[in-house]
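**Student:** Okay, handing you the structure first.
Number of protein chains: 2
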Amino acid sequence: MRAQRPNSREKILAAAADVARESGPGSLSLEAVASRAGVSKGGLLYNFPTKAKLMQGLVEGYLRDFEQALETANGNDGGANPLAVYIKLSANDCEEKQPSASWIFSAIAEDPDFMTPIKTFKQQLFERLKGETNDLKSLLVCYVAIEGLRSMNLFDSGVLSKDERELLVASLLEIAGSPDAEQASGMQS
Amino acid sequence: MRAQRPNSREKILAAAADVARESGPGSLSLEAVASRAGVSKGGLLYNFPTKAKLMQGLVEGYLRDFEQALETANGNDGGANPLAVYIKLSANDCEEKQPSASWIFSAIAEDPDFMTPIKTFKQQLFERLKGETNDLKSLLVCYVAIEGLRSMNLFDSGVLSKDERELLVASLLEIAGSPDAEQASGMQS
DNA sequence: TTGACAAGACCGTCCAGACGGTACAGTAAA
DNA sequence: TTTACTGTACCGTCTGGACGGTCTTGTCAA
Chain A
406 MRAQRPNSRE KILAAAADVA RESGPGSLSL EAVASRAGVS KGGLLYNFPT KAKLMQGLVE
466 GYLRDFEQAL ETANGNDGGA NPLAVYIKLS ANDCEEKQPS ASWIFSAIAE DPDFMTPIKT
526 FKQQLFERLK GETNDLKSLL VCYVAIEGLR SMNLFDSGVL SKDERELLVA SLLEIAGSPD
586 AEQASGMQS
Chain B
406 MRAQRPNSRE KILAAAADVA RESGPGSLSL EAVASRAGVS KGGLLYNFPT KAKLMQGLVE
466 GYLRDFEQAL ETANGNDGGA NPLAVYIKLS ANDCEEKQPS ASWIFSAIAE DPDFMTPIKT
526 FKQQLFERLK GETNDLKSLL VCYVAIEGLR SMNLFDSGVL SKDERELLVA SLLEIAGSPD
586 AEQASGMQS
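Residue numbers (the working numbering), protein chains in the order written: chain A, 406 to 594; chain B, 406 to 594.
Structure representation (structure tokens):
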């Protein structure tokens, strides 16, 4: 890969996310993104030759960031319960006021296939958690609950108060950590 | 032949849902819906004067059906645990192969405000469940988990196998069904 | 019973505008 | 000179929506 100015790419990606969040997922036009990023339409098309590539960039950046955050969180927590780490990380993500990934709706509207990388990522994550958690029931409940929390954040549904969210996370951590002794290295698949 | 006066509306609504599911949420055009419903574009515009009205019809129908299903389910179950009833009902919904409400993405793309009726509905539902459930922790976990299940169904993510789904639902019912057990320790076997 | 007529339900066509994308000439820095 | 853009002009396609016309049904006077 050539050494390019990463500045524009990132700015464009951020601008796209902003536009999607503020103007609605259906109003994500190239012109809007370009103007928001402080870049001409030609410049945008220079970085992302097509709208699909823009979306792909959004997805890849999201996945990259997520994976990285998860890795460092796991590293910081030593060999502790990976499910608990995932719960905490996700809860933190959902604590943000702005739905961080509402551009996803734009991507889906553009082409549902943009979801496949995210789907496989989640699948792998779930499989990994299955290998690292000894109680399937707890894992299922926690994983799906986190998925629910993420979805509620994405849809910006304000059903849960802050207290309730905290109580929920505490309960989930309890569920994740309660079965017998938490052992980090159980069976691997 | 009788003029299928109210019939057309339903047919159009169903066609819209089908088109959204099959052609992708971004390809929900009036022409596609009309042809799918076996109706001309003019006929469609007669029933729904604008695309926004179509979406509104979709939302209202969805909410109406949901409410009705919940009511009858609650009626059939006597005065039993409403949370358990909600869990069962939602699990059944998610058992369907086709994401029943993928038109939601179309609606969001069109205008995010279409979500507000759904949001307030969910809010009311949650408040009602809060009033009818004595253990807030169990309610939180179950409600969010169901939300997660719904979201996974909506995004058509095939992470959970059928067995896992069933195990999950059983676990949730277990959590929901301990009416007097305070301090959510109901997860252990 | 019949014929006229109004209203409702639906069809087919047309159009302005927006959008994604292309082409290309210019430019400033490294 | 090359790289990395900017800016403008433009094209083809698609879409929502308007509009006028058509067919069907119900009503009612004669």
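Backbone N, C-alpha and C define an ideal beta-carbon position, used for all residues, glycine too.
For chain B, is any of its Cβ atoms less than 9 Å away from the one on Phe471(A)?
**Tutor:** Taking the first sequence and counting its residues from 1, one reaches residue 471(A) at position 66. Output row for Phe471(A): interface = no.
**Student:** For Tyr548(A), count neighbouring Cβ atoms within 10 angstroms of its own Cβ and tell me buried if that reaches 16, exposed if not.
**Tutor:** Taking the first residue of the first sequence as position 1, residue 548(A) is located at position 143. Burial of Tyr548(A) is indicated by the presence of at least 16 other C-beta atoms within 10 angstroms of its C-beta.
**Student:** Starting from the beta carbon of Pro522(B), find every residue of chain A whose beta carbon is closer than 7 Å, and list them in chain order.
**Tutor:** Stepping through the second sequence from its first residue, residue 522(B) is reached at position 117. In chain order: nothing, as chain A lies at least about 12 Å away.
**Student:** Taking Cβ positions only, does Met460(A) come closer than 9 Å to chain B?
**Tutor:** Locating residue 460(A) in the first sequence gives position 55, where the first residue counts as 1. No, no contact with chain B.
**Student:** What residue ranges within the stretch 413-464 of chain A form continuous alpha helix (DSSP H) runs of no fewer than 4 residues, ordered along the chain?
**Tutor:** Listed in chain order, they are 435-442, 446-452.
**Student:** Measuring only between beta-carbons, confirm whether Ala422(A) sits less than 9 Å from chain B.
**Tutor:** For this step, residue 422(A) is matched to residue 17 along the first sequence. Interface criterion not met: the Cβ of Ala422(A) is under 9 Å from no Cβ in chain B.
**Student:** Is any beta-carbon of chain B found at less than 9 Å from that of Tyr467(A)?
**Tutor:** As a first step, residue 467(A) must be located in the first sequence, where it is residue number 62. Not closer than 9 Å to any Cβ of chain B, the Cβ of Tyr467(A) fails to qualify, so no.
**Student:** Hey, does Phe453(A) have any beta-carbon neighbour from chain B nearer than 9 Å?
**Tutor:** Taking the first sequence and counting its residues from 1, the one referred to as residue 453(A) is at position 48. Cβ-Cβ to chain B under 9 Å: no for Phe453(A).
**Student:** Can you tell me the Cα-Cα spacing of Ser505(A) and Lys524(A), whole angstroms?
**Tutor:** For the purposes of this step, residue 505(A) is taken as the residue at position 100 of the first sequence. For the purposes of this step, residue 524(A) is taken as the residue at position 119 of the first sequence. Cα to Cα, the separation comes out at about 18 Å.
**Student:** Mind the definition here: the stretch 428-445 of chain B touches the stretch 470-485 of chain B only if three or more C-beta pairs lie below 8 Å; say whether that holds.
**Tutor:** no
**Student:** If you draw a straight line from the alpha carbon of Phe597(A) to that of Gly447(B), how long is it in whole angstroms?
**Tutor:** A query on residue 597(A) cannot be resolved here, the shown segment of chain A reaching from 406 to 594 and no further.
**Student:** Could you tell me the alpha carbon to alpha carbon distance between Leu433(B) and Asp516(B), rounded to whole angstroms?
**Tutor:** As a position in the second sequence, residue 433(B) is number 28, starting the count at 1. As a position in the second sequence, residue 516(B) is number 111, starting the count at 1. So the alpha carbons of these two residues sit roughly 13 Å apart.
**Student:** Strictly below 8 Å CB to CB, what residues from chain A border Pro430(B)?
**Tutor:** Along the second sequence, one-based indexing puts residue 430(B) at 25. Within chain A, Ile513, Ala514, Pro517 have C-beta atoms less than 8 Å from the C-beta of Pro430(B), given in sequence order.
**Student:** Just to confirm the assignment, what range does the alpha helix (DSSP H) spanning Ser543(A) have?
**Tutor:** Counting from one through the first sequence, the residue named residue 543(A) turns up at place 138. Segment 541-559, the alpha helix (DSSP H) holding Ser543(A).
**Student:** If you compare alpha carbons, which of Ile513(A), Leu573(A), Asp540(A), Glu500(A) is closest to Asp540(B)?
**Tutor:** Start at 1 with the first residue of the second sequence, and residue 540(B) comes out as number 135. Of Ile513(A), Leu573(A), Asp540(A), Glu500(A), the residue nearest in Cα terms is Leu573(A).
**Student:** Cβ closer than 9 Å: which chain B residues qualify as neighbours of Gln528(A)?
**Tutor:** The residue labelled residue 528(A) in the question sits at position 123 within the first sequence. Those within 9 Å of Gln528(A) in chain B are Ser562, Gly563, Val564.
**Student:** Could you tell me the boundaries of the alpha helix (DSSP H) in which Ser495(A) lies?
**Tutor:** Along the first sequence, one-based indexing puts residue 495(A) at 90. Where Ser495(A) is concerned, the enclosing alpha helix (DSSP H) stretches over 487-500.
**Student:** Drop a sphere of 10 angstroms on the beta-carbon of Asn452(A), count the other beta-carbons inside from all chains shown, and report buried for 16 or more, exposed for fewer.
**Tutor:** Taking the first residue of the first sequence as 1, we reach residue 452(A) at position 47. Buried, because 16 or more other Cβ atoms sit within 10 Å of the Cβ of Asn452(A).
**Student:** Given this structure, state the Cα-to-Cα distance separating Thr538(B) from Ile492(B), to the nearest angstrom.
**Tutor:** Here residue 538(B) refers to the residue found at position 133 of the second sequence. Here residue 492(B) refers to the residue found at position 87 of the second sequence. Distance between the alpha carbons of Thr538(B) and Ile492(B) is about 13 Å.
**Student:** From Pro454(B) to Val438(B), what does the alpha carbon distance come to, in whole angstroms?
**Tutor:** Position 49 of the second sequence, counting from 1, holds the residue named residue 454(B). Position 33 of the second sequence, counting from 1, holds the residue named residue 438(B). Going from the Cα of Pro454(B) to the Cα of Val438(B) covers about 14 Å.
**Student:** Anything in chain B within Cβ reach of Ala384(A), meaning under 8 Å, just list it in chain order.
**Tutor:** In the structure as shown, chain A begins at 406 and stops at 594. Residue 384(A) is therefore absent and cannot be evaluated.
**Student:** If you draw a straight line from the C-alpha of Ala419(B) to the C-alpha of Gly480(A), how long is it?
**Tutor:** Taking the second sequence and counting its residues from 1, one reaches residue 419(B) at position 14. Taking the first sequence and counting its residues from 1, one reaches residue 480(A) at position 75. The straight-line gap from Cα to Cα measures roughly 50 Å.
**Student:** Near Lys535(B), which residues of its chain fall below 8 Å by C-beta distance, leaving aside the five closest residues on each side in sequence?
**Tutor:** As a working mapping, residue 535(B) is identified with position 130 in the second sequence. So the list reads Leu541, Leu544, once near-sequence residues are dropped.
**Student:** At a CB distance below 9 Å, what residues from the stretch 476-505 of chain B approach chain A? Give them in sequence order.
**Tutor:** none
**Student:** Using only the alpha-carbon positions, how far apart do Ala421(B) and Glu579(A) sit?
**Tutor:** Reading the second sequence from its first residue, position 16 is the one you call residue 421(B). Reading the first sequence from its first residue, position 174 is the one you call residue 579(A). Near 44 Å, if we compare the C-alpha coordinates of Glu579(A) and Ala421(B).
**Student:** Decide if Ala496(B) is buried, meaning its Cβ has at least 16 other Cβ atoms within 10 Å, or exposed.
**Tutor:** In the second sequence, counting from the first residue as 1, residue 496(B) sits at position 91. Ala496(B) comes out buried.
**Student:** Considering only their Cβ atoms, is the gap separating Leu488(A) from Ala370(A) smaller than 9 Å?
**Tutor:** Any property of residue 370(A) remains undetermined from this structure, which presents chain A solely from 406 to 594.
**Student:** Just mark Glu533(B) as buried or exposed, buried being the case when its beta carbon has 16 or more other beta carbons within 10 Å.
**Tutor:** Mapped onto the second sequence, residue 533(B) falls at position 128. Sequence check: residue 533(B) is Arg here, not Glu. Only exposed fits Arg533(B), as fewer than 16 other CB atoms lie within 10 angstroms of its CB.
**Student:** Please tell me whether Leu577(B) has its Cβ less than 9 Å away from any Cβ of chain A.
**Tutor:** What you label residue 577(B) is simply residue 172 of the second sequence in a count that begins at 1. Chain A, which has a Cβ nearer than 9 Å to the Cβ of Leu577(B), makes this yes.
**Student:** According to the neighbour-count rule (16 or more other Cβ atoms, all chains shown, within 10 Å of its Cβ), is Glu552(A) buried or exposed?
**Tutor:** Translated into positions along the first sequence, residue 552(A) becomes position 147. Buried, since its Cβ has 16 or more Cβ neighbours within 10 Å.
**Student:** CB Leu468(B) to CB Phe526(B), shorter than 9 Å?
**Tutor:** Within the second sequence, numbered from 1, the residue matching residue 468(B) stands at position 63. Within the second sequence, numbered from 1, the residue matching residue 526(B) stands at position 121. For Leu468(B) and Phe526(B), yes; Cβs fall inside 9 Å.
**Student:** Just list the beta strand (DSSP E) runs in the stretch 508-533 of chain A, keeping only unbroken ones of 3 residues or longer that don't cross its boundaries, in chain order.
**Tutor:** none
**Student:** Could you tell me the distance, in whole angstroms, from the CA atom of Met557(B) to the CA atom of Arg414(A)?
**Tutor:** As a working note, residue 557(B) is residue 152 in the second sequence. As a working note, residue 414(A) is residue 9 in the first sequence. Those two C-alpha atoms are separated by around 31 Å.
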